[in-house]
DNA sequence: ACTGAAATTTGGGATGC
DNA sequence: GCATCCCAAATTTCAGT
């Protein structure tokens, strides 16, 4: 899990390989090999190097939550009573499956979380019955995502 | 790209398969087959069904931006002059590679974006030279993520 | 660092229960 | 909906340049 080497250098071939795999993690290595004109073994070597550098941190299947009936994404800014409450609050938030992200942030709030709910009713229940009940949570501000128009990774 | 079937039902075996692939999209299907005790062909059938339902929306390699020297993640709430400016603003934001997400939101702001920068200096330049320059952008509020303690997908 | 080839494993279809 | 069988294709290693 090291990540502070001097800063990995990647060349144009690495970029091409990564672009294929960032698009579809199951693209066959031999298919990439044919497309960019080097051998499968060479790509293999490069991928092992990239993995060792820590740049490749894995691959994931992406699910579309809408198909399971989860249609409401929201960001919630949370004010905590005192800094001391932070680790406890995060620990409690981890137990709530609807919470997908949690950031300590500068600015108004102590933390900013992203949640995924079935609908607005579910979101309201989540706020009242779970988030607001956490000890140390004093106030929240909710921003429902009506539409996500950009969703991508770092561009290489 | 259909996603509004009646609402896909998935059973325990589907969940096991998905959990393996959400963790590592390149897990061999035959390995999953051995672990959960059914044949590779059966998993194949189920994956085709899940893909057809729209629940599986693809797979991605995940890069660790820190290794490339990108260490500052921030959320920026943007106030736009009038609703009319929205599509234009989003179009301009798409052209900025540092912008990874863009949400139309309820609440204070018109839109909320997530950006990835090398450092605070880079973030400041991005705000002053690019975001604030977009026509229609009247004011912004920035929240730097000091630490992301939760990062996951919908739990199945 | 890349190639080419060998050994092994996997993918994905056909067929039958 | 699942298992077995089967072959084409992909993965992965390794000696050679």
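Residue numbers (the UniProt record's numbering), protein chains in the order written: chain Z, 1 to 156; chain D, 1 to 156.
Beta carbons: idealized from backbone N, C-alpha and C, even for Gly.
_Contacting residues, own chain, Cβ-Cβ under 8 Å from residue 153(Z) (five flanking each side not counted)_ = Beyond the five residues adjoining it in sequence on each side, residue 153(Z) comes within less than 8 Å, by CB distance, of 22 in the same chain, given in chain order.
_Chain-ordered chain Z contacts of residue 59(D) [CB-CB under 8 Å]_ = Chain-ordered, the chain Z residues with CB closer than 8 Å to the CB of residue 59(D) read 24, 25, 26, 59, 60, 61 and 62.
*Between the stretch 82-96 of chain Z and the stretch 55-68 of chain Z, are three or more C-beta pairs nearer than 8 Å?*
Contact between the stretch 82-96 of chain Z and the stretch 55-68 of chain Z is not established, with fewer than three Cβ pairs separated by less than 8 Å.
*Which residue's Cα is closest to the Cα of residue 141(Z): 16(Z), 151(Z) and 128(Z)?*
Nearest to residue 141(Z) by C-alpha distance, out of 16(Z), 151(Z) and 128(Z), is 128(Z).
*asked:* I'd like the span of the alpha helix (DSSP H) that includes residue 53(Z), first residue to last.
replied: Unbroken alpha helix (DSSP H) run through residue 53(Z): 40-53.
*Leaving out five residues on either side along the sequence, give the residues of the same chain with a beta carbon under 7 Å from the beta carbon of residue 92(Z).*
Around residue 92(Z): 134.
*For residue 150(D) and residue 39(D), the rounded distance between their alpha carbons*: So the alpha carbons of these two residues sit roughly 35 Å apart.
*With 8 Å as the limit, tell me which residues of the stretch 136-152 of chain Z have their beta carbon closer than that to any beta carbon of chain D; keep them in chain order.*
Within the stretch 136-152 of chain Z, the qualifying residues are 141, 142, 143, 144, 145, 146, 147, 148, 149, 150, 151 and 152.
*What did DSSP end up calling residue 74(Z) once you bin it into helix, strand or coil?*
It is a strand residue.
*From the DSSP output, in three-state form, read off residue 12(Z) for me.*
Correct three-state label for residue 12(Z): helix.
_Taking 9 Å as the threshold (C-beta atoms), are residue 7(D) and residue 69(Z) in contact?_
Cβ atoms of residue 69(Z) and residue 7(D): closer than 9 Å.
*Check whether residue 104(Z) and residue 147(D) have beta carbons under 9 Å apart*: Yes, Cβ-Cβ distance for residue 104(Z) and residue 147(D) is below 9 Å.
*Quick one, which of 97(D), 138(D), 12(D) and 77(D) has its alpha-carbon nearest residue 46(D)'s?*
The shortest C-alpha to C-alpha distance from residue 46(D) to any of 97(D), 138(D), 12(D) and 77(D) is the one to 12(D).
*Which value, in whole angstroms, describes the spacing of the CA atoms of residue 50(Z) and residue 97(D)?*
So the two alpha carbons sit approximately 22 Å from each other.
*Can a CB atom of chain Z be found closer than 9 Å to the CB of residue 53(D)?*
Yes, contact with chain Z.
*At what residues does the beta strand (DSSP E) containing residue 151(Z) begin and finish?*
Unbroken beta strand (DSSP E) run through residue 151(Z): 137-151.
*asked:* By the three-class DSSP mapping on this structure, what secondary structure does residue 101(D) have?
replied: Residue 101(D) falls in the strand class under three-state DSSP.
_Straight-line Cα distance separating residue 115(D) from residue 65(D)_ = The straight-line gap from Cα to Cα measures roughly 12 Å.
*Selected residue, minimal CA-CA separation from residue 48(D), among 72(D), 18(D), 35(D) and 63(D)*: The residue with the shortest Cα to Cα distance from residue 48(D) is 18(D).
*At a Cβ cut of 8 Å, what residues of the stretch 93-117 of chain Z count as close to chain D, listed as they run along the chain?*
Under the 8 Å Cβ criterion, the stretch 93-117 of chain Z contributes 93, 94, 97, 99, 100, 101, 102, 103, 104, 105, 106, 107, 108, 109, 112, 113 and 116.
*Is there at least one Cβ from chain D nearer than 9 Å to residue 75(Z)'s Cβ?*
Yes - at least one Cβ of chain D is within 9 Å of the one on residue 75(Z).
*asked:* So that I know if they touch, is there some Cβ in chain Z lying closer than 9 Å to that of residue 11(D)?
replied: No, no contact with chain Z.
*Reference residue 144(Z), options 112(D), 79(D), 73(D) and 136(D), closest by Cα*: Between residue 144(Z) and the set 112(D), 79(D), 73(D) and 136(D), the nearest pair of CA atoms involves 112(D).
*From what residue to what residue does the beta strand (DSSP E) around residue 113(Z) run?*
Note, residue 113(Z): beta strand (DSSP E), 111-117.
*Step through the CB atoms of chain Z and report whether any lies within less than 9 Å of the CB of residue 132(D).*
So no, residue 132(D) is outside the interface.
_At the 9 Å Cβ level, is residue 56(Z) part of the contact set with chain D, yes or no?_
For residue 56(Z), the closest Cβ of chain D is nearer than 9 Å.
*From the DSSP output, in three-state form, read off residue 5(Z) for me.*
Since pLDDT at residue 5(Z) reaches only 46, below the 50 mark, its modelled position is unreliable, and no value is offered.
*In angstroms with no decimal places, state the Cα-to-Cα distance between residue 156(D) and residue 32(D).*
Annotation: residue 156(D) to residue 32(D) spans about 17 Å, alpha carbon to alpha carbon.
*For residue 56(D), write down the residues that DSSP places opposite it in a beta bridge.*
Residue 56(D) pairs with 63(Z).
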